[in-house]
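Worksheet: one structure, shown below.
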Amino acid sequence: MIINIRVDHTLADIETMENVSKDLKELFSDLKEKMDIREYIEINTCNRYEYFLYTNDYSYEEIDCDNKFVIIDYNDDAILHLFRMSSGLESMIIGEDQILGQIKDSKKKSEKEGHCGKKLDAIFTKAIHVGQVVRNKTKINQGSISIGSAAVDLAEEHLGDLQDKCVLVIGAGKMGTLVAKALAEKNLRAIFVANRTYYKAVKLAEELDGEAILFDNLEEKLVNAELVISSTGSPHAIINKKRLMKIFDKQVPKKMIFIDIANPRDIEDDVKELGIDLFNIDDLRGIADENKKLRENEVIEAEKIIGNEFDLLNESFNLIEINPILGNLRESMEEIRQRESQKGIVKLSNVDAKDIKIIDVMTKSIVNKIFYDISENIKKSAKNNEEDVIKMCETILKR
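Below, the structure is given as structure tokens:
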């Protein structure tokens with residue numbers, strides 16, 4: 001049984017996701033204690049916390065969870081959700097490419113830690129393939145859209161043209177890189193990049209013709225920044241009212257915007273008390289809705305591809321399940337062929353090596369033709385998910 005438990009942007013805002021993630025971790029730990037969890041993969045992004053689990057324990061058909069923000073899917077629904085997610089259809093910014101890389105990274109992490117076995121490996125490998133096919137065959141990701149570029153669009157809505165503005169980007173990870181690249185086209189007066197790992201800030205700043213700063217020197221550039229976009233992986237807030245009061249010495253700039261696209265959040269809400277405009281991931285929903293409308297036709301095409309690929313996956317799983325049946329049948333037929341051929345050779349007189357070879361080739365041909373017809377019929381039943389027929393074959397051909 002495949003199980004997916006999650007909290008994401010479809011039901012929860014950023015604050016709720018932060019809080020519910022704790023309940024999700026507790027639920028996951030509880031399931032590991034009560035069920036025989038063979039494999040699991042964890043996915044954490046700015047818009048979701050998820051676990052995909054595989055178990056042979058069918059005693060827990062329904063998982064109890066009182067939290068209304070926790071979504072639980074099983075088997076086909078869980079797999080289809082993963083396919084939609086890898087295709088960018090479950091993202092806040094429909095069609096964004098980053099989720100595909102995040103799914104790949106999550107799978108690699110699980111493999112490294114020994115939590116990804118054959119079942120989840122097959123499903124996630126297929127999901128990654130589906131995401132690539134959707135992007136190759138549709139225009140779902142046209143325009144290199146991302147949370148990062150949406151954050152820059154949001155900044156322009158409130159600051160106007162960013163030309164000649166001084167911008168500070170906090171965080172030089174994947175999201176920070178997307179933000180910085182979107183800003184690079186805006187003819188800024190200055191762009192500064194701060195990151196805990198300094199060489200990453202240097203590398204990104206060089207690409208953008210900007211300046212890297214040490215994380216400990218953040219205050220120096222916060223003083224003159226008109227726009228601050230933060231996306232670190234810090235487990236706690238790095239900017240709050242108290243810190244800013246020390247920096248500005250009560251002289252807060254009249255027009256200053258903070259955009260926090262981290263999860264957990266980097267900036268505490270109390271900075272608004274200083275008259276600073278603070279936005280977070282939830283404030284990107286308007287831009288996300290506009291983007292969704294522009295891609296409605298591509299979503300329809302993507303859904304068709306996902307449906308076809310899902311059917312192919314089920315067929316492949318069904319065929320894998322009948323391999324032992326076909327193997328037993330083939331082994332049994334070969335034993336009979338060899339035994340009966342030997343009996344015939346013994347009864348014949350004046351049989352030389354050439355005759356024995358002819359008999360061997362002829363009997364193999366007969367067995368191959370009989371096996372082919374039977375195996376094709378069994379495969380057909382498997383593809384059509386005819387469970388009664390498969391069970392009957394298992395009983396008849398059981399060795």
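Per UniProt numbering, the very first residue in the sequence shown carries number 1; after that it's consecutive. Each residue gets a CB set at the ideal place from its N, CA and C atoms; glycine is no exception. Remember, predicted model here, so these are calculated numbers, not experimental data.
#1: Among ASP23, GLU273 and GLY117, whose alpha-carbon lies nearest the alpha-carbon of ASP66?
#2: Could you please give me the residues that DSSP links to ALA172 through a beta bridge?
#3: Rounded to the nearest angstrom, what separates SER110 and ASP77 at their Cα positions?
#4: What is the DSSP secondary structure of ARG38, reduced to helix, strand or coil?
#5: Which same chain residues, not among the five before or five after LEU159, have their C-beta less than 8 Å away from its C-beta?
#6: Apart from the five residues just before and just after ALA302, which ones in its own chain have a Cβ nearer than 7 Å to its Cβ?
#7: So for CYS393, helix, strand or coil by DSSP?
#8: Roughly how many angstroms separate the alpha carbons of VAL7 and GLU156, rounded to a whole number?
#9: Per DSSP, which residues does CYS166 bridge with? Please list them.
#10: Can you list, in chain order, the residues of its chain with a C-beta nearer than 7 Å to that of ALA362? Leave out the 5 residues immediately preceding and following it.
#11: Using alpha carbons as the reference points, say which of LYS126, ILE359, LYS364 and ILE145 lies closest to GLY307.
#12: Compare the C-alpha of PRO264 against each of SER234, MET35 and TYR199 and name the closest.
#13: Is it true that the CB of LEU168 sits closer than 8 Å to the CB of LEU244?
#14: For the beta strand (DSSP E) that contains LEU214, what are its first and last residues?
#15: Go through the region 296 to 361 residue by residue and report every complete run of the alpha helix (DSSP H) that reaches 4 residues or more, in order.
#16: Mapping DSSP to helix, strand and coil, what is ASP270?
#17: Hey, quick one: how far does the alpha helix (DSSP H) through ASP13 stretch, first residue to last?
#18: Going by C-alpha to C-alpha distance, which of GLU211, GLN338 and ASP311 sits closest to VAL367?
#19: Roughly how many angstroms lie between the CA atoms of ASP355 and ASP121, to the nearest whole one?
#20: Thinking C-alpha only, which one of ALA172, SER21, SER146 and GLY327 is nearest ALA201?
Taking the definition as stated:
#1: Locating residue 66 in the sequence shown gives position 66, where the first residue counts as 1. Here the closest residue by C-alpha is ASP23.
#2: The count along the sequence shown starts at 1 and reaches residue 172 at position 172. Paired residues: none, contrary to the question.
#3: Along the sequence shown, one-based indexing puts residue 110 at 110. Along the sequence shown, one-based indexing puts residue 77 at 77. The straight-line gap from Cα to Cα measures roughly 22 Å.
#4: Here residue 38 corresponds to residue number 38 of the sequence shown, with the count starting at 1. Three-state DSSP puts ARG38 in a strand.
#5: Looking up residue 159 in the sequence shown gives position 159. Result list for LEU159: LYS165, GLU226, LEU227, LYS255 and ILE257, in chain order.
#6: Position 302 of the sequence shown, counting from 1, holds the residue named residue 302. Taken in chain order, the residues that qualify are SER87, LEU89, VAL134, THR138 and ILE140.
#7: The residue given as residue 393 occupies position 393 in the sequence shown. Look at CYS393 here: in three-state DSSP terms it is helix.
#8: Counting from 1 along the sequence shown, the entry for residue 7 is found at position 7. Counting from 1 along the sequence shown, the entry for residue 156 is found at position 156. Separation of VAL7 and GLU156 (C-alpha to C-alpha, rounded to the nearest whole angstrom) is 30 Å.
#9: To locate residue 166, count along the sequence shown from 1; it is residue 166. In the DSSP output, where bridge partners are listed per residue, CYS166 has ALA190.
#10: Residue numbering aside, residue 362 sits at position 362 when the sequence shown is read from its first letter. The question names Ala, but residue 362 is Met in the sequence shown. The beta carbon of MET362 sits closer than 7 Å to no other beta carbon from its chain once the five residues preceding and following it are set aside.
#11: In the sequence shown, residue 307 corresponds to position 307, counting from 1. GLY307 has its Cα closest to that of LYS126, out of LYS126, ILE359, LYS364 and ILE145.
#12: Sequence index remark: in the sequence shown, residue 264 carries index 264 (1-based). Considering only alpha carbons, the answer is SER234.
#13: Position 244 of the sequence shown holds residue 244. Position 168 of the sequence shown holds residue 168. Not a contact, by the Cβ cut-off of 8 Å.
#14: Looking up residue 214 in the sequence shown gives position 214. First-last of the beta strand (DSSP E) with LEU214: 211 to 214.
#15: With a minimum length of 4 residues, the continuous alpha helix (DSSP H) runs that stay inside the region 296 to 361 are 296 to 347.
#16: In the sequence shown, counting from the first residue as 1, residue 270 sits at position 270. In the structure shown, ASP270 falls within a helical segment according to DSSP collapsed to helix, strand and coil.
#17: The residue labelled residue 13 in the question sits at position 13 within the sequence shown. Element bounds for ASP13: n/a, residue is neither H nor E.
#18: For the purposes of this step, residue 367 is taken as the residue at position 367 of the sequence shown. Ranking the options by Cα distance to VAL367, first place goes to GLN338.
#19: What you label residue 355 is simply residue 355 of the sequence shown in a count that begins at 1. What you label residue 121 is simply residue 121 of the sequence shown in a count that begins at 1. The alpha-carbon separation between ASP355 and ASP121 amounts to approximately 50 Å.
#20: The residue labelled residue 201 in the question sits at position 201 within the sequence shown. It is ALA172.
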